[in-house]
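Structure (structure tokens):
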């Protein structure tokens with residue numbers, strides 16, 4: 041089988057890049073080397089793009105990171121092509137490829153220098169009509185053109201928080217339906233109802249709940265469409281733990297620190313309490329609005345209060361979400 045090669049910066053990985061690599065891998069039956077060029081001033085760190093490409097293409101290609109400060113304009117250096125040919129051969133351990141793939145005109149020159157056959161891949165961008173510059177100009181508009189592994193870093197995240205029995209689950213479900221996306225269910229409820237419905241949670245349970253909720257968010261971030269809604273977040277876990285148990289585990293605080301949100305909707309407790317097996321206060325709420333307000337203000341975290349009857353709450357929530365979505369999607373370096 042021929043040994044294939046392609047080179048690129050993949051500074052904002054797109055479905056077009058996926059098509060390029062998938063085509064090359066299929067042509068070479070997986071015997072493909074991809075040279076990922078990264079630079080110190082890249083907006084998205086090179087190690088992160090390497091992780092995205094490696095995760096996505098796995099056994100279909102060998103991804104090599106080449107971190108450099110070489111000229112990228114042929115007119116800027118008289119020995120431009122010789123420098124890059126040398127760099128490419130170094131990455132390939134001195135063995136030139138049989139076939140070179142590219143969507144850009146430079147591919148023909150590189151192939152000629154390396155003694156490889158040149159195979160153009162969708163140079164007119166007709167098979168996958170997207171470019172990194174076009175995607176960067178409107179990520180929300182072209183969300184499906186973003187490489188799936190990269191999407192969690194551009195996703196809008198909106199947490200719905202507040203005391204028990206104030207409509208968090210219902211609102212999260214409705215908003216997810218409105219925006220054709222998914223939402224993270226309250227993992228604590230699923231765990232407590234299924235595993236230990238009659239036990240009052242202790243600190244060990246709180247740490248497990250925090251880990252479960254984090255895993256649920258990370259898993260669903262890959263399936264979300266532009267925005268991910270969360271039925272409760274780690275602020276809820278921290279507030280409950282502080283009120284009910286007198287302290288907050290460090291692991292919960294760590295999750296709060298590493299999980300930025302674009303918006304928090306704080307639901308008011310001005311609606312009737314509906315008792316159930318996990319309402320530990322019986323007919324009285326354990327948590328009050330001021331518990332959340334005090335915690336959020338102490339942390340310097342912004343929030344929007346949602347109050348009133350159910351139709352009014354829904355309308356206010358949608359208005360707040362629309363305002364958050366009006367801000368362009370940006371890269372976020374998640375911990």
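Numbering (this note's numbering), first residue to last: 41 to 375. Virtual Cβ for every residue (Gly too), placed ideally from N, Cα, C.
Among the options, the one whose alpha carbon lies nearest that of residue i
| i | options | result |
| --- | --- | --- |
| residue 176 | 241, 304, 52, 41 | 52 |
| residue 138 | 41, 312, 262 | 41 |
| residue 218 | 354, 55, 73, 56 | 354 |
| residue 108 | 118, 128, 307, 93 | 128 |
| residue 182 | 334, 368, 311 | 368 |
| residue 371 | 344, 77, 123, 83 | 83 |
| residue 132 | 103, 223, 146 | 103 |
| residue 262 | 226, 221, 115 | 221 |
| residue 298 | 374, 312, 358 | 374 |
| residue 204 | 292, 226, 147 | 226 |
| residue 74 | 119, 105, 54, 56 | 105 |
| residue 331 | 314, 348, 286, 311 | 286 |
| residue 174 | 351, 352, 56, 337 | 56 |
| residue 134 | 155, 117, 187 | 155 |
| residue 202 | 234, 238, 307 | 307 |
| residue 185 | 257, 54, 292, 97 | 54 |
| residue 208 | 50, 49, 311 | 311 |
| residue 48 | 237, 145, 136, 258 | 145 |
| residue 283 | 329, 344, 238 | 329 |
| residue 314 | 206, 114, 290, 341 | 206 |
| residue 140 | 352, 343, 68 | 68 |
| residue 61 | 236, 116, 160, 136 | 160 |
| residue 200 | 343, 165, 77 | 343 |
Residue i vs residue j beta-carbon contact at 9 Å
| i | j | result |
| --- | --- | --- |
| residue 252 | residue 231 | yes |
| residue 365 | residue 196 | yes |
| residue 59 | residue 167 | yes |
| residue 162 | residue 63 | yes |
| residue 241 | residue 228 | yes |
| residue 142 | residue 46 | yes |
| residue 264 | residue 325 | no |
| residue 189 | residue 92 | yes |
| residue 96 | residue 238 | no |
Per DSSP, the bridge partner or partners of residue i
| i | result |
| --- | --- |
| residue 73 | 45, 102 |
| residue 265 | 267 |
| residue 160 | 142 |
| residue 107 | 78 |
| residue 196 | 267 |
| residue 235 | DSSP, once it has assigned bridges, lists no residue as partnering residue 235. |
| residue 344 | 305 |
Spatial neighbours of residue i in its chain, beta-carbon cut-off 6 Å, leaving aside the 5 residues before and after
| i | result |
| --- | --- |
| residue 72 | 44, 64, 65, 101 |
| residue 281 | 246, 288 |
| residue 179 | 194, 369 |
| residue 89 | 50 |
| residue 292 | 250, 274, 277, 278 |
| residue 77 | 49, 106 |
Other residues of its chain near residue i: CB distance less than 8 Å, five sequence neighbours each side excluded
| i | result |
| --- | --- |
| residue 198 | 215, 267, 268, 269, 270, 301, 302, 303, 304, 305, 361, 364 |
| residue 223 | 212, 213, 215, 216, 260, 268, 269, 270, 271 |
| residue 110 | 123, 124, 127 |
| residue 99 | 70 |
| residue 244 | none |
| residue 170 | 54, 55, 56, 182, 185 |
Residue i burial status per 10 Å Cβ neighbour count (16 or more: buried)
| i | result |
| --- | --- |
| residue 277 | buried |
| residue 339 | exposed |
| residue 295 | buried |
| residue 234 | exposed |
| residue 349 | exposed |
| residue 119 | exposed |
| residue 151 | buried |
| residue 257 | buried |
| residue 113 | exposed |
Neighbourhood of residue i by C-beta, 7 Å cutoff - its chain only, sequence neighbours within 5 removed
| i | result |
| --- | --- |
| residue 279 | 327, 331, 332, 335 |
| residue 148 | 158 |
| residue 94 | 103 |
| residue 357 | 211, 215, 305, 346 |
| residue 80 | 109 |
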